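In my numbering, the protein residues as written are 146 to 1071.
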């Protein structure tokens, strides 16, 4: 059967009408698949979706010859000069269809050669644009047709868009680079940062809009290409016309407005309202803008916006603001357990009940979200996308349930949607990312609408804009969050506030921290991010809302824990879940490399269950554990914080102190080339002692010093070497700006501070590499002098050496101790004095001492290895490993009795329980 017709479109459909028609068409034909029986009806309805009566344009089963065989064949669907379709049954090999379609071309007149060759199996479309060289191929499935109508709107009377290969351009980094180049060019043109930010966010809106059906596809590019001079001299003026037109309702537009501009929609909202200076373009800038137009912005992801922001700013500026850009994977790690996983579980439970589904629908629309350091809006964008996706699942399920009962889901102008952008709120200090966030959220809304169109065949038309997210540009630490979003039980606070440690903080940021914490609670060790924690706690107050932040691991380690979490826990907040340390990655180029945690808390623990996410491989996926409670150190255990104290909490432990401090200008120390001279001097040789700082202790580096606490005056008189050294020390101290140091010039024979034990002692380095399995301290004789880079403690029987060499100690150190970079930093007040070792019996002490002696003996079996070499975790000697295992059993029994201890996490849980008990007893006794 041959149907042939011939001319024009009866009435031009709007793009929204075409998209709705395409959605209905895709659903109606979702089950078709017979080549001969269904082809003509399928394509007749396809053309009808665009307002085309196929009988007036199209020939079905057009006779043509095969070039390779010379035999006669039939083209399934043929629109001379425009379109050739080779249709196959569902699931057929479209590569063979392509061979067949191209085989017909030689038999066609030149004037009838098609611009597009379409291969189709009722579900998959492969479109070859052969009007360009090289040809461009587009591939999509039937359900995606509503979002790919731009390939065919030319037949409905719209301008034919330039064909660009979509598959190569999803979130393409080159598009980001083009925008960065445009940013630089505009900045060079002396436009203010504010005006550049406004201009570029508008351009982003247009680039996205013309690729996704908000605007007529390709219209923005066509205006630039057709209406502006090649040298770019009038481009700025035309762009201003575009901005003004988009902000003017159709009824208010002048009749003399250019025809192309009249085809632009009315946007409303605040995007195009502000009048900004006209930007001046040149040829290169015009080419860059046209090049950006050629990318497929419709496939953009929220992560690209973060990358774009990062690409147009210097690394120094990013570091100053503490900005980082989070991958969607890591955002989902935060919002999943915070609220999303629970909503999905409720959907599973409600999916067969209309009443329950409607209740859940109301619930998700009642949530309100605040990111108080929102940057480019990534957290809000992903949150909104996931809520819209869940809402769509609810709508689909309601349709199925009501269809079974003979009912339908009634969708009004807003398609019955309850989730909306007004639920999203943000605070951002910088204007450019704040504007990006506004546009990114609108894009997320439009993407959700496109997905809705694919799924249920209809979606709201958001133009002109009537609802938007609320992004406030201000300093979050000095701003009342209630002015953005009043606190409440349905509020969720989530984000990744800036990471700035104490060494990198500016004076202004320190002042902000002091103000937000208050004089009573401010502590100098706190990271800048801590301000968001206490601000969120104060904001929530007694409300049952939820808070979840991505932060550097330091907020749950060492000396920051007590000043940060103490006040928060004291106000009734509990940690609901936590991702322990993992490597956090960025979507942007020059990715930030940071070790982070995710911590969520709420008043009274509203989530009910507590969940810990452990990362055996910090770059891998977590192991999930439900636990009874989460301590602020992110281990299972009581909600207690460890406060530094002046004396050991344990009745079994002695005190430690800094080693001796020379303050000598080098006068006490003997270099390798000087050692022979001093040993050869009978008077001086009496006072030569081995000396260890941290480096010498860990690496067995020989070093000597003069130790003259018992200096005989006659020795001083008889040794020019000693006199010269004392004069050197005296001169150094007299030259000091510190009066206390100058006073010690009269005691030049002595170290400035003397702490040397008179018995065998424990020597503790201040810093130890994080990766070591044990804390590498050493027991020394009193003849070896320890400097103040170490701590020392009297240890005549070796008990304290044994305790500090145990796994129980090192896990406590790693958890409550501070860090220098990633290295463990020993602390007398915060670690040793808080170690919760109960009282030990004489028998226990004897067993532990013996195990410690065995560890020392194992070390002595390897005289050529330094401590650092022996305790390399990849190369520890086997006898040393075995000795430590025996020691651990003895020390664990002293700490935990008969309780099973299989893992470090279990040790920490029990240690915090012990700490809670001992600290309470100490407080009661005070």
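The C-beta atom is built at its ideal place from N, Cα and C for all residues, glycine as well. Computed from a predicted structure; not experimentally measured.
Tell me, please, which residues DSSP counts as bridged to residue i.
i	result
residue 273	262 and 282
residue 769	758
residue 696	742
residue 501	Answer is none; residue 501 lacks a bridge partner.
residue 932	805
residue 938	907
residue 513	636
So, helix, strand or coil for residue i, using DSSP?
i	result
residue 953	helix
residue 728	strand
residue 965	strand
residue 417	coil
residue 484	helix
residue 199	helix
residue 247	helix
residue 1025	helix
residue 174	coil
residue 522	coil
residue 295	helix
residue 227	coil
residue 468	Residue placement at residue 468 is flagged as unreliable, the pLDDT there being 48, under the threshold of 50; the coordinate-derived value follows with that caveat. In the structure shown, residue 468 sits in coil (DSSP, three-state: anything other than H, G, I, E or B).
residue 799	coil
residue 635	coil
residue 599	helix
residue 313	No answer about residue 313 holds up, because its pLDDT of 36 lies below 50 and its placement is not dependable.
residue 902	coil
residue 816	coil
residue 1020	coil
residue 852	coil
residue 763	coil
residue 1074	As displayed, the chain neither begins before 146 nor continues past 1071, which places residue 1074 out of reach and without an answer.
Would you call the CB atoms of residue i and residue j closer than 8 Å?
i	j	result
residue 672	residue 699	yes
residue 709	residue 675	yes
residue 286	residue 268	yes
residue 780	residue 1054	yes
residue 979	residue 1060	yes
residue 566	residue 635	no
residue 789	residue 962	no
residue 933	residue 902	no
residue 860	residue 831	yes
residue 1063	residue 981	yes
residue 298	residue 201	no
residue 242	residue 233	yes
residue 703	residue 964	yes
residue 524	residue 640	yes
residue 693	residue 745	yes
residue 1070	residue 1035	no
residue 295	residue 603	no
residue 936	residue 803	yes
residue 376	residue 428	yes
With respect to the beta strand (DSSP E) encompassing residue i, which residues constitute its N-terminal and C-terminal limits?
i	result
residue 923	923 to 925
residue 205	204 to 210
residue 860	It is not in any beta strand (DSSP E) - residue 860 instead sits in the alpha helix (DSSP H) that spans 858 to 863.
residue 252	Residue 252 -> no beta strand (DSSP E), and no H or E assigned at all.
residue 777	Taken as a continuous stretch (DSSP letters only), residue 777 belongs to no beta strand (DSSP E), as it is neither H nor E.
What residue range is occupied by the uninterrupted alpha helix (DSSP H) comprising residue i?
i	result
residue 348	338 to 357
residue 654	652 to 666
residue 685	675 to 685
residue 361	That residue, residue 361, is in no alpha helix (DSSP H); it is neither H nor E in DSSP.
residue 568	Segment: none, residue 568 is in no alpha helix (DSSP H) and carries neither H nor E.
residue 389	380 to 391
residue 994	987 to 1005
Is there at least one Cβ from chain D nearer than 8 Å to residue i's Cβ?
i	result
residue 748	In the structure shown, chain D does not exist; there is a single protein chain.
Segment contact flag, the stretch 573 to 591 with the stretch 514 to 530, C-beta cutoff 8 Å, min 3 pairs: yes
Three CB pairs or more closer than 8 Å across the stretch 951 to 961 and the stretch 865 to 880: no
The stretch 910 to 925 touching the stretch 1001 to 1016, judged by at least three CB pairs closer than 8 Å: yes
The stretch 583 to 598 / the stretch 525 to 541 touching (three or more Cβ pairs under 8 Å): Contact between the stretch 583 to 598 and the stretch 525 to 541 is present: 3 or more CB-CB pairs across the two stretches fall below 8 Å.
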